[in-house]
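Structure record follows, encoded as structure tokens.
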């Protein structure tokens, strides 16, 4: 019985020894591997920091422009509307049935051209009757004149015949004027639009027959703020663009309103522009640019060199080999440049590349100087 515990204890001791020894070896080996990896990584990490530190110390390559005095044209932009040089709705002066239409829609017609005729049969008959009576009265007056010289008729008889002639002439003139009102003619040369009546239709003075417009030259109406009213003069040029036409057009201001609008505080102006091909049509919307004058010795920088900030605008200048920020006040803008009215001088060199990566005191090296 005493052998059993001894045997059991021997067996337990043997089992514990065989289980602990392999794990300990694996743990030691793993620790050695970790130390080796860390040891290898430390030089690389140290090298990386050293490299980054060297990168921060290296100057940043940039482009720059040395400021030179320039000329700036001050402009304002506004909107406008194109209008026909002359435009009229063709209507009849008298009521009646349309007997003849002598134009096609879209025709170019000359001033005075007969466009529409209204029934004038009764007036023509009245005209013929009066012309016949006038002819007879004129002959009678001529004979009585001869008789008057010979004493064959009295002065009163002759005067009555002459008076009849004058009355008939006046009546004939009146009929001819009424006939003229049945003939609708072009008041000026232009293009006839869509007609609203047909032959045989009845028209009155309230009926619009068609629209006649002259569009070469074409008018441009636009308005400017009252503060610029005194700076826009008749005779000066303006430019404008119309959607759908890939070109800039030019017109000349020839008139302005007599007063500033009390509702909008703007002054309405009108310009003319050539339109030989008819591409510009009344009613089109136009983006108008109005030059106000030129400023010489202005400081101008590229628009992309200006950085917006919470408190204004900023540019970076090259100063003693480092980038230095300057708060600036801006003036006239163009598509690619902007005038600086305060914050820079003509002695400055403005950095024009890598703007977003610049900071105060950053070492720089100018690669390209304009």
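Numbering (this note's numbering), first residue to last: 4 to 373.
Backbone N, C-alpha and C define an ideal beta-carbon position, used for all residues, glycine too.
For residue i, the first and last residue of its enclosing alpha helix (DSSP H)
| i | result |
| --- | --- |
| residue 138 | 124 to 153 |
Where the beta strand (DSSP E) through residue i begins and ends
| i | result |
| --- | --- |
| residue 166 | No beta strand (DSSP E) contains residue 166, which is instead part of the alpha helix (DSSP H) from 158 to 183. |
| residue 277 | Note, residue 277: premise wrong, no beta strand (DSSP E); not H, not E. |
| residue 257 | 252 to 259 |
| residue 263 | Where residue 263 is concerned, there is no enclosing beta strand (DSSP E), given that its DSSP letter is neither H nor E. |
| residue 214 | 211 to 228 |
| residue 311 | 310 to 312 |
| residue 89 | 73 to 94 |
| residue 322 | 315 to 322 |
| residue 369 | 367 to 372 |
| residue 235 | From DSSP, residue 235 is part of no beta strand (DSSP E); its letter is neither H nor E. |
| residue 66 | 63 to 69 |
| residue 248 | Per DSSP, residue 248 belongs to no beta strand (DSSP E) and is neither H nor E. |
| residue 352 | 352 to 354 |
| residue 298 | 288 to 301 |
| residue 329 | 325 to 336 |
| residue 342 | 340 to 345 |
| residue 361 | Segment: none, residue 361 is in no beta strand (DSSP E) and carries neither H nor E. |
Candidates the options: closest to residue i by CA position
| i | options | result |
| --- | --- | --- |
| residue 3 | 182, 147 and 185 | This structure cannot settle anything about residue 3, because the visible part of the chain is limited to 4 through 373. |
| residue 198 | 340, 212, 113 and 342 | 212 |
| residue 426 | 294, 135 and 373 | The question about residue 426 has no answer here: the residues shown for the chain are numbered 4 through 373. |
| residue 236 | 247, 254 and 258 | 258 |
| residue 1 | 173, 101, 350 and 324 | Residue numbering for the chain in the displayed model covers 4 to 373; residue 1 lies beyond these limits and cannot be assessed. |
| residue 331 | 373, 163, 303 and 357 | 303 |
| residue 254 | 130, 73 and 86 | 86 |
| residue 373 | 355, 209, 173 and 153 | 355 |
| residue 116 | 358, 264 and 194 | 194 |
| residue 284 | 196, 176, 175 and 207 | 196 |
| residue 74 | 101, 358, 296 and 239 | 296 |
| residue 251 | 292, 266 and 131 | 292 |
| residue 340 | 350, 371 and 305 | 305 |
| residue 205 | 173, 69, 103 and 172 | 103 |
| residue 132 | 172, 69, 201 and 365 | 172 |
| residue 191 | 207, 214, 181 and 200 | 214 |
Inter-residue Cα distance where the pair is residue i and residue j
| i | j | result |
| --- | --- | --- |
| residue 158 | residue 144 | 12 Å |
| residue 272 | residue 109 | 30 Å |
| residue 276 | residue 242 | 10 Å |
| residue 347 | residue 367 | 19 Å |
| residue 43 | residue 312 | Any reading at residue 43 needs caution, since the residue's pLDDT is 40, under 50, leaving its predicted position unreliable; the model's value is listed next. Cα-Cα distance, rounded: 46 Å. |
| residue 226 | residue 244 | 16 Å |
| residue 189 | residue 105 | 11 Å |
| residue 223 | residue 234 | 18 Å |
| residue 328 | residue 352 | 12 Å |
| residue 310 | residue 317 | 5 Å |
| residue 321 | residue 299 | 25 Å |
| residue 161 | residue 138 | 16 Å |
| residue 345 | residue 301 | 11 Å |
| residue 151 | residue 170 | 21 Å |
| residue 314 | residue 249 | 39 Å |
| residue 97 | residue 261 | 37 Å |
| residue 155 | residue 134 | 27 Å |
| residue 179 | residue 246 | 50 Å |
| residue 363 | residue 357 | 13 Å |
| residue 209 | residue 99 | 12 Å |
| residue 270 | residue 256 | 13 Å |
| residue 203 | residue 280 | 35 Å |
| residue 54 | residue 64 | Below a pLDDT of 50, predicted positions are generally treated as unreliable, and residue 54, at 37, falls in that range; the measurement from the model is reported next regardless. Rounded to whole angstroms, residue 54 to residue 64 spans 18 Å at the Cα level. |
| residue 229 | residue 287 | 25 Å |
| residue 263 | residue 274 | 17 Å |
| residue 232 | residue 76 | 17 Å |
| residue 130 | residue 175 | 6 Å |
| residue 238 | residue 78 | 16 Å |
| residue 136 | residue 113 | 37 Å |
With 16 other Cβ atoms within 10 Å as the buried cut-off, status of residue i
| i | result |
| --- | --- |
| residue 128 | exposed |
| residue 71 | exposed |
| residue 307 | exposed |
| residue 278 | buried |
| residue 126 | buried |
| residue 140 | buried |
| residue 319 | buried |
| residue 342 | buried |
| residue 67 | buried |
| residue 360 | exposed |
| residue 123 | buried |
| residue 289 | buried |
| residue 164 | buried |
| residue 177 | exposed |
| residue 35 | Caution applies to residue 35, whose pLDDT of 39 falls short of 50 and renders its modelled position unreliable; the model cannot decide the point. |
| residue 95 | buried |
| residue 118 | buried |
| residue 326 | buried |
Does the count of Cβ pairs from the stretch 208 to 219 and the stretch 89 to 97 closer than 8 Å reach three?
yes
So does the stretch 181 to 196 actually touch the stretch 79 to 86, counting three or more Cβ pairs closer than 8 Å?
No: fewer than three Cβ pairs fall under 8 Å.
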